[in-house]
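Structure first, then comments.
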Amino acid sequence: MMRTKRNLPRVWSPLGALLAVCAAAQADDWPTFGHDNRRSRVTRERLAPPLTPAWKYAGPRPRPAWPGPAKWDAYARIKDLASMRDFDPAYFVIAVGDKVWFGSSTDDSVRCLDAATGNTVWTKFTGGPVRVAPTWWKGNIYFGSDDGKVYCVDAATGEERWAWSPVKKDQWVVNNGKLISTWPCRTGVLVQDGVAYFAMSLLPWEPSYLCALDAATGRTGGAGRFVVERTGMAMQGALTASAARLFVSQGRQNPIVFDLRTGKPLGKFGKGGNGGVWGLVTPEGVFIHGRGQNHGSDGELREFDAESRLRLIRFRKARRLAIAGGMVYLTGAGKLTAIDWARYLPLSREYGGHGAKLRAAQAKLKQLRKQGKDKGEEATKWRAQAAEARKRMDALLKRLNACTLWSVRTDCVRSLMATPDLVFAGGDGRVAAFGREAGRERWTATVAGKAYGLAAAAGRLFVSTDTGAIYAFRPQ
Amino acid sequence: MNSKLLTRWGALLWIATTGFAAKPQPLHDWRLGRLLVPDANGKHYAQVEGRVTVETAPVRAMIFDGETTRLELPDTTAADLPQRAITVEMCVMMGHTARWGGVVGFLQDNGKYEKGWLLGYENDRFSFAVASVGGPGRLTYLKSPKPFALGRWYHVAGVYDGAAMRLYVNGRQVAQSAAQKGDIDYPPHAWYTIGAYRDDNENYFFKGKLHQLRVYAAALPQKVIEAHARALESLLIQPLEFAAEPRLRFLPGGRARVRWDLAAPAACVLECERKGDAERIRIESKKPAAAHEVALSGLRPKTAYTYRIRASGLDGDLLSKAYSFDTTFDYTRPPTPPTRLAPAAETDAARRAIAAAGMRRGLCVVYGLEGGRLAYEVARQSEMVVVGVDDSPPRVAAARQFLRRQGVYGVQVSVRLASDLAAVPMPTGLADLVVSEAWLRGRRAGSVQEMQRLLRPDGGRLVLLAFKDGLDAATRKAMGAAVANAGLKAGESAKYLEWSCARGPLPGAGSWTHEYGDAGNSANSWDDVGGADGTDDLSVQWLGKPGADFGIDRNPRMPAPLANHGVLFHQGLNRLAAIGAWNGVILWSLEMPALRRVNMPHDCANWCLDDDTLHVVARDNVLLLDPRTGREQARLVVPPEPDGPAGEWGYVGRTGKWLIGSRVRRGAPFTQYWGGFAWYDKIGKAQMKVCSRALFAFDASGTSPTPAWVAPGQAIINSTITLGAGRVFYLESRNPALKENTTGRFGDELWTDLDRVCLDAATGKELWRRPADIAPGKIVVYMSWVPGRLVVMSSGDKSYHVYCYDPKTGERRWAAKHAWTRDNHSGHMQHPVLDRKAVYQEPYAYDLATGKRWERGMGRHEGCATYVGVRNALIYRGRGRSIAMWSIPSGKVTNWAYLRPSCWLSTIAGSGMVLSPEGGGGCSCGNWLETSLGFAPKSLQERRAK
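Residue numbers (the working numbering), protein chains in the order written: chain A, 4 to 479; chain B, 2 to 947.
This is the structure we're talking about:
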């Protein structure tokens with residue numbers, strides 16, 4: 004979301020106008036988690052290193068909703084299991100203009116800070132942890148809380164505009180020493196075309212609610228607004244949206260997609276257990292999700308066709324990813340890698356098509372084996388199809404690997420953000436910027452803790468870590 | 002001199018001064034401890050022959066069995082090996098002595114034909130042999146003057162520089178010779194062999210362990226050999242033996258206390274370091290003593306540490322193995338202690354309430370707020386989690402602001418707004434302590450009945466204080482009226498009016514005190530759970546920690562959790578936690594390296610519980626712990642077997658005033674959790690039964706360190722040890738062939754000369770012994786007792802065999818048999834559930850009195866867990882592989898979708914609840930919720946609604 008004309012110079016000389024256009028082209032806000040509803044993590048804000056520390060907000064250590072994953076799957080001999088529910092390891096910020104907002108899983112509040120000084124402007128308490136970053140829309144801040152409500156407050160003052168819950172009679176449960184709703188909001192609020200989307204969900208055997216309200220008034224009813232009640236779900240982590248679809252992560256369950264206008268479920272992505280809470284949807288209609296782990300997979304990000312839900316390809320060992328300027332930037336396995344997206348995408352679609360054929364053949368063969376017909380003519384046909392698909396996939400894999408443009412070693416793999424000329428990555432105890440052309444490290448700074456959150460606005464870089472700290476950096 | 006030459010000279014100078022050039026690079030650096038054995042360059046792979054096992058702790062090492070194991074490099078010739086100078090060094094643990102012993106070499110030693118080299122041993126001495134072209138024409142064997150000890154690690158190096166041979170043990174030169182001169186004289190044909198003394202005439206296998214093995218084409222100087230040995234100090238130094246291994250307990254504020262016990266008094270030092278950080282903290286316990294306790298401070302959150310204990314012994318320093326702990330599992334208060342404010346009524350009131358509650362940890366509800374000071378004081382003066390509640394938005398806001406200023410809001414204290422204080426949406430029974438700030442300040446908020454509803458059953462305490470200063474008569478009267486008929490105890494002091502009560506146990510509440518519910522192994526909690534017979538009758542009371550990171554995994558069939566009097570106990574990876582059953586607040590936890598046991602279907606649990614004590618087995622010991630605080634009350638040691646092998650504590654159970662224990666061979670209990678074997682489901686070695694060599698009884702109070710009696714046995718099957726009516730029942734094999742067993746685990750030989758035995762628990766006297774006369778329990782065998790009936794279930798030949806006996810006489814009442822449901826995922830090893838009427842053995846139930854089979858099928862289990870009983874239902878892993886309940890009265894099956902138990906028994910009932918500490922998160926296989934939960938009967942909540 005670009006900053007509005009309030010930032011333009013008042014003097015309209017030709018030179019001033021030219022400068023203003025350039026500034027507008029480079030200036031960008033960060034109004035929601037992951038920058039936009041597609042969670043692209045790409046900003047037009049140009050940050051010019053070297054950056055220097057501006058301020059640090061030292062909050063209490065965050066209290067994530069879930070403890071860490073098991074150390075291993077000993078039976079399957081898989082170590083270093085990826086967490087599939089790590090949506091709140093740090094206080095993720097949003098930033099618009101001269102303000103920064105974040106929710107706290109520790110003191111159950113949303114805070115507004117002065118982006119220049121880090122001073123607190125206002126604090127709004129709720130009845131439970133606020134786990135997902137708020138969303139700014141038309142001067143309002145939207146967020147959900149473990150207290151089972153969604154709030155809309157004035158961005159400047161924190162004054163409550165409306166609060167809403169789908170549940171008439173709440174029942175609290177004790178959760179790590181706090182009393183939360185049986186229906187907490189752990190998806191945050193996504194605002195698109197004037198509608199606020201969010202979910203209330205916790206226990207799969209209890210009903211979950213997917214809701215779409217009028218963002219301005221908090222009212223239900225009317226076109227494109229709904230409250231859908233479903234069981235068997237565990238909706239959590241920031242929602243992701245394309246123009247017509249809403250993608251919902253479910254922790255250890257695989258993600259589900261809904262029709263944005265009706266709330267009708269359209270199906271799930273991937274196999275059961277291929278969970279995770281990290282999602283991104285591209286303008287080309289690709290949904291990338293992870294880092295789930297299911298019997299032998301390595302906690303990767305997975306690429307799907309957003310429309311057909313067809314599995315395309317896995318980004319092995321990838322932790323975070325951003326797509327900007329026709330390039331995929333991804334971190335994982337101690338590396339930052341750049342891939343030519345324009346070449347990669349059609350190949351991955353082709354790969355996914357053959358993958359579907361392979362799975363179909365394998366399923367058919369399994370069925371025939373059960374029927375004792377695995378030596379017949381039909382089985383031979385399906386075996387040939389499987390072999391052909393495998394062959395084509397192997398060949399495509401080589402071409403896909405050839406799409407890698409550069410790869411550099413780095414310990415900064417926990418978070419990723421792309422600006423027009425740089426890729427910022429957060430690691431353990433530091434954050435760094437790399438040139439988008441060749442991956443050369445251009446700047447680095449130390450921070451305390453693991454840098455899980457990156458955001459940029461008004462020439463500043465914001466880094467959130469698992470110690471509860473938020474760092475602001477500005478150009479020197 | 003041109004610049005290029007200068008650069009070269011500079012480089013040479015740098016090499017000379019830094020010693021870089023002197024850093025020796027091995028020709029072969031074998032990576033042992035892996036099944037594939039490459040050298041450091043990854044170029045050479047040794048060909049592994051024979052039985053190969055590796056271990057990873059304390060270091061990666063390959064185990065050579067002395068019969069079949071060796072590594073060969075068939076393509077290696079003499080030309081590939083060092084010619085003039087050679088160093089061969091190894092880190093080795095000897096497992097035997099032998100006249101001709103080789104660990105690595107390339108030689109022929111056949112009569113007078115002696116060529117090549119060898120590093121090995123001769124009898125009980127390390128040896129190094131070389132033959133050279135300028136030597137006497139035969140091998141010269143250097144031998145260490147001192148014998149080696151079996152079972153200890155050594156660094157041994159043999160060096161030949163073309164003029165002299167030297168042998169080093171643990172960095173010290175122990176022998177030398179100048180008998181050999183010139184290049185090594187290799188035979189044209191030999192084997193480059195690791196793990197054997199091998200030439201044309203001999204093939205003697207090495208028995209022991211190898212951690213490192215390096216061959217250099219250079220003679221390493223002594224200081225390098227010394228440095229290499231020093232780097233292995235932790236292995237080479239004599240290991241410190243404990244009487245009781247360390248127990249670490251986290252304390253608030255980033256601190257921890259470590260206790261350990263030595264066999265003999267000595268001064269100790271605890272050396273602790275953060276993983277990946279060279280800085281080491283040393284804490285001395287200077288006084289020579291057997292029992293030690295030191296405090297660690299300044300621990301960082303979510304950080305892994307390792308520590309070792311060094312003790313001064315007569316024979317130099319002794320060093321323990323490295324233990325680890327992780328502050329992720331520090332569940333105490335965060336490390337910023339709240340500051341003390343000017344004294345106020347709330348300061349005193351909090352002190353009185355905490356004292357009345359008799360506990361420092363738990364959950365406190367402050368019902369009705371007046372600024373938040375009382376919540377703050379309870380938090381400051383205890384380690385309780387505090388939740389304030391009020392129906393006034395301004396009061397709630399003021400309390401939050403105050404508590405935030407004090408730095409405790411959200412960390413230890415939180416405040417909730419309720420629309421109606423008389424019906425807050427809090428779950429019934431969540432609070433260990435309820436106080437009221439409103440009442441303290443003279444405002445009669447809410448209802449006393451509602452406060453009482455919030456009290457935890459079986460000990461929750463309401464302490465209502467009213468500060469008399471400024472309290473008018475009308476308010477006083479109104480307060481009196483409000484508490485009338487509420488059953489509160491009233492009192493009055495100089496400053497306060499006081500009313501209090503403690504909530505009693507829930508009617509019908511049961512407990513889970515042993516692996517299978519009770520000492521009789523009924524697998525029944527006998528808990529009414531509010532009459533629940535389906536998951537729909539229960540609601541979530543709490544959820545949260547401990548999570549999956551606390552445990553080992555979902556698969557190794559660990560001991561079941563225990564629960565009694567409102568406390569749940571849960572074991573993880575070398576750790577345990579006590580959790581408030583009604584609120585999930587972690588009351589205390591211990592990190593115990595010695596705490597691990599798996600494969601419960603073929604062994605017995607390592608803990609049990611009674612009203613006053615948690616008994617926890619830690620190798621040779623049982624620790625008696627206070628259930629609510631974790632304080633160590635006593636330590637009992639397993640009685641040794643006279644002239645017998647070393648033992649450790651096996652079974653532990655409680656009956657009457659006795660703590661019954663058993664002694665197993667050291668190392669007999671299963672502890673392995675890695676890989677498919679540790680699923681303990683496949684038919685084969687995992688079905689070996691751990692057996693005891695003796696039973697004994699201690700006074701359960703722990704006041705006497707000597708057992709009341711010891712009853713030796715031959716092979717007492719641990720999974721059958723059962724207590725009931727003051728008796729000890731078990732199966733014992735007296736097969737003479739069992740005497741050869743050295744592992745303490747037994748297979749098919751158990752089914753010969755098998756007896757059913759009954760002892761008097763008070764005296765150990767044998768009351769009856771009868772031939773077992775059962776089908777061999779090749780898969781599992783269990784025994785269970787309920788009043789008037791003793792049941793044996795053996796599983797084998799695709800069938801479950803159920804036998805029922807009179808426990809007084811051992812006479813058989815009836816027997817039955819049916820097919821098991823499948824031979825995997827525990828379908829062949831289900832433990833029966835007993836109630837007063839029937840024994841439930843999937844998929845049938847048998848009338849306990851008659852043996853008549855009830856054809857009404859039980860809910861079918863899916864996945865690896867076993868059934869447990871409550872009054873009206875069986876709980877198991879069923880529909881959709883999630884936790885399910887089968888109603889005994891109606892046969893209806895209900896479930897909690899996507900909730901997974903562990904692979905044996907992690908969901909229990911007790912204290913009126915169903916408790917399911919996290920046990921399945923290690924499974925990377927599905928959609929599981931992955932959290933610990935407590936379920937309370939909905940009927941409790943509904944009573945409030947009425």
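By construction, the Cβ of each residue, glycine as well, lies at the ideal position given by its N, Cα and C atoms.
Self-check item: Boundaries (first-last residue) of the alpha helix (DSSP H) holding residue 226 of chain B
Solution: What you label residue 226 of chain B is simply residue 225 of the second sequence in a count that begins at 1. Run containing residue 226 of chain B: 223 to 232, per the alpha helix (DSSP H) assignment.
Quiz item: How long is the line joining the alpha carbons of residue 564 of chain B and residue 611 of chain B, rounded to whole angstroms?
Solution: Along the second sequence, one-based indexing puts residue 564 of chain B at 563. Along the second sequence, one-based indexing puts residue 611 of chain B at 610. Looking at the two C-alpha atoms, the distance is approximately 9 Å.
Quiz prompt | For residue 478 of chain A, the first and last residue of its enclosing beta strand (DSSP E) | solution = The sequence position of residue 478 of chain A within the first sequence is 475, counting from 1. Per DSSP, residue 478 of chain A belongs to the beta strand (DSSP E) from 472 to 478.
Quiz item: Can you find a heavy atom of the ligand MG that lies under 7 Å from the Cβ of residue 54 of chain B?
Solution: The model depicted lacks the ligand MG and carries no ligand whatsoever.
Practice problem: Have a look at B:857, B:92, B:742 and flag the residue whose alpha-carbon is nearest the alpha-carbon of residue 888 of chain B. | Solution: Here the question's residue 888 of chain B lines up with position 887 in the second sequence. It is B:857 whose Cα lies nearest to the Cα of residue 888 of chain B.
Self-check item: Option in B:418, B:360, B:394 with minimal Cα separation from residue 388 of chain B
Solution: For the purposes of this step, residue 388 of chain B is identified with residue 387 of the second sequence, where counting begins at 1. It is B:418.
Self-check item: Contact residues within the region 219 to 246 of chain A, judged by C-beta distance below 8 Å to chain B
Solution: 234, 235, 237
Quiz item: Which runs of the alpha helix (DSSP H) spanning at least 4 residues fall entirely within the region 373 to 434 of chain B, listed in chain order?
Solution: 374 to 382, 394 to 406
Quiz item: If you follow the alpha helix (DSSP H) that residue 355 of chain B is part of, which residue opens it and which one closes it?
Solution: One-based indexing of the second sequence puts residue 355 of chain B at position 354. Taken as a continuous stretch (DSSP letters only), the alpha helix (DSSP H) holding residue 355 of chain B covers 346 to 358.
Practice problem: Take every Cβ of the region 745 to 756 of chain B, pair it with every Cβ of the region 688 to 698 of chain B, and state whether three or more of those distances are shorter than 8 Å. | Solution: yes
Quiz item: What three-state label does DSSP hand residue 114 of chain A in the structure shown?
Solution: To locate residue 114 of chain A, count along the first sequence from 1; it is residue 111. Here residue 114 of chain A sits in strand by DSSP.
Quiz item: Count the other CB atoms within 10 Å of the CB of residue 756 of chain B; is the residue buried (16 or more) or exposed (fewer)?
Solution: Within the second sequence, the letter at position 755 stands for residue 756 of chain B. Looking at its Cβ environment, which holds 16 or more other Cβ atoms inside 10 Å, residue 756 of chain B is buried.
Quiz prompt | Residues that residue 546 of chain B contacts on chain A, provided the C-beta gap is smaller than 8 Å | solution = Position 545 of the second sequence holds residue 546 of chain B. Result: 70, 179.
Exercise. Kindly confirm or deny that the region 627 to 637 of chain B and the region 588 to 596 of chain B touch, where touching means at least three C-beta pairs closer than 8 Å.
Key: yes
Exercise. Identify each residue in the region 72 to 85 of chain A for which the Cβ-Cβ distance to at least one residue of chain E is less than 7 Å, and report them in chain order.
Key: Given the protein chain composition of this structure (A and B), no chain E is represented.
Exercise. Quick one: grab the DSSP three-state call for residue 674 of chain B.
Key: Translated into the one-based positions of the second sequence, residue 674 of chain B becomes position 673. Correct three-state label for residue 674 of chain B: coil.
Quiz item: Any idea if residue 682 of chain B is buried or exposed, counting beta-carbon neighbours within 10 angstroms, 16 or more meaning buried?
Solution: If you number the second sequence from 1, residue 682 of chain B lands on position 681. With 16 or more Cβ atoms within 10 Å of its Cβ, residue 682 of chain B is classed as buried.
Quiz item: When the Cα atoms are used, what is the spatial distance from residue 31 of chain B to residue 671 of chain B?
Solution: In the second sequence, counting from the first residue as 1, residue 31 of chain B sits at position 30. In the second sequence, counting from the first residue as 1, residue 671 of chain B sits at position 670. In a straight line, the C-alpha of residue 31 of chain B is about 30 Å away from that of residue 671 of chain B.
Self-check item: Residues within the region 122 to 137 of chain A neighbouring chain B, beta-carbon criterion of under 9 Å
Solution: Listed by position, the residues of the region 122 to 137 of chain A near chain B (Cβ gap below 9 Å) are 126, 128, 130, 131, 132.
Quiz item: Is residue 366 of chain B near residue 296 of chain B, with beta carbons less than 8 Å apart?
Solution: As a working mapping, residue 366 of chain B is identified with position 365 in the second sequence. As a working mapping, residue 296 of chain B is identified with position 295 in the second sequence. In terms of Cβ geometry, residue 366 of chain B and residue 296 of chain B do not form a close pair [threshold 8 Å].
Quiz item: Going by the beta-carbon positions, is the gap between residue 260 of chain A and residue 202 of chain A smaller than 8 Å?
Solution: To locate residue 260 of chain A, count along the first sequence from 1; it is residue 257. To locate residue 202 of chain A, count along the first sequence from 1; it is residue 199. Contact: no.
Self-check item: Same chain, Cβ closer than 6 Å to residue 427 of chain A, five either side skipped, listed in chain order
Solution: Counting from one through the first sequence, the residue named residue 427 of chain A turns up at place 424. For residue 427 of chain A, where only same-chain residues beyond five positions count, the Cβ hits under 6 Å are 420, 436, 457.
Self-check item: Chain-order list of residues whose beta-carbon lies under 6 Å from that of residue 527 of chain B (same chain, five-residue window excluded)
Solution: Position 526 of the second sequence, counted from the start, is the residue given in the question as residue 527 of chain B. Contacts found: 511.
Quiz item: Can you tell me where the beta strand (DSSP E) with residue 82 of chain B in it begins and where it stops?
Solution: In the second sequence, residue 82 of chain B corresponds to position 81, counting from 1. No residue range can be given for residue 82 of chain B, since it is assigned to no beta strand (DSSP E) and is classified by DSSP as neither H nor E.
Self-check item: Any 3 or more C-beta pairs closer than 8 Å across the region 116 to 127 of chain B and the region 136 to 150 of chain B
Solution: yes
Quiz item: Residues in its own chain within less than 7 Å of residue 191 of chain B by CB, not counting five upstream and five downstream?
Solution: If you number the second sequence from 1, residue 191 of chain B lands on position 190. Around residue 191 of chain B: 107, 108, 109, 117, 200.
Self-check item: Close beta carbons around residue 368 of chain A, own chain, < 8 Å, minus the five adjacent residues each side
Solution: In the first sequence, residue 368 of chain A corresponds to position 365, counting from 1. Cβ within range, chain order: 377, 382, 385, 386, 389.
Quiz item: Distance, Cα to Cα, residue 175 of chain B vs residue 362 of chain B?
Solution: In the second sequence, the residue the question calls residue 175 of chain B occupies position 174. In the second sequence, the residue the question calls residue 362 of chain B occupies position 361. So the two alpha carbons sit approximately 60 Å from each other.
Practice problem: State the DSSP-derived secondary structure class of residue 453 of chain B, mapped to helix, strand or coil. | Solution: Against the second sequence, residue 453 of chain B aligns to sequence position 452. Three-state result, residue 453 of chain B: helix.
Self-check item: Residue interval of the alpha helix (DSSP H) (run including residue 387 of chain A)
Solution: In the first sequence, counting from the first residue as 1, residue 387 of chain A sits at position 384. Where residue 387 of chain A is concerned, the enclosing alpha helix (DSSP H) stretches over 380 to 404.
Quiz item: Whose C-beta lies closer than 7 Å to the C-beta of residue 299 of chain B among residues of the same chain, with five residues either side of it excluded?
Solution: In the second sequence, the residue the question calls residue 299 of chain B occupies position 298. The answer, listed in chain order, is 255.
Exercise. State the Cα-Cα distance for the pair residue 286 of chain B and residue 268 of chain B, rounded to the nearest angstrom.
Key: Translated into the one-based positions of the second sequence, residue 286 of chain B becomes position 285. Translated into the one-based positions of the second sequence, residue 268 of chain B becomes position 267. For residue 286 of chain B and residue 268 of chain B, the distance between alpha carbons rounds to 6 Å.
Quiz item: Which residues in the same chain have their Cβ closer than 6 Å to the Cβ of residue 173 of chain A, if we skip the five residues on either side of it in sequence?
Solution: Locating residue 173 of chain A in the first sequence gives position 170, counting from the first residue. 151, 184, listed in sequence order.
Practice problem: Check whether the region 232 to 251 of chain A touches the region 178 to 194 of chain A, taking contact to mean three or more Cβ pairs, one atom from each stretch, closer than 8 Å. | Solution: Cβ pair count under 8 Å is three or more, so yes.
Quiz prompt | Which of helix, strand or coil DSSP assigns to residue 292 of chain A | solution = For the purposes of this step, residue 292 of chain A is taken as the residue at position 289 of the first sequence. If DSSP states are grouped into helix, strand and coil, residue 292 of chain A belongs with the strands.
Exercise. Would you tell me roughly how many angstroms separate the C-alpha atoms of residue 460 of chain A and residue 410 of chain B, rounded to the nearest one?
Key: As a working mapping, residue 460 of chain A is identified with position 457 in the first sequence. As a working mapping, residue 410 of chain B is identified with position 409 in the second sequence. Their backbone Cα atoms lie some 30 Å apart in a straight line.
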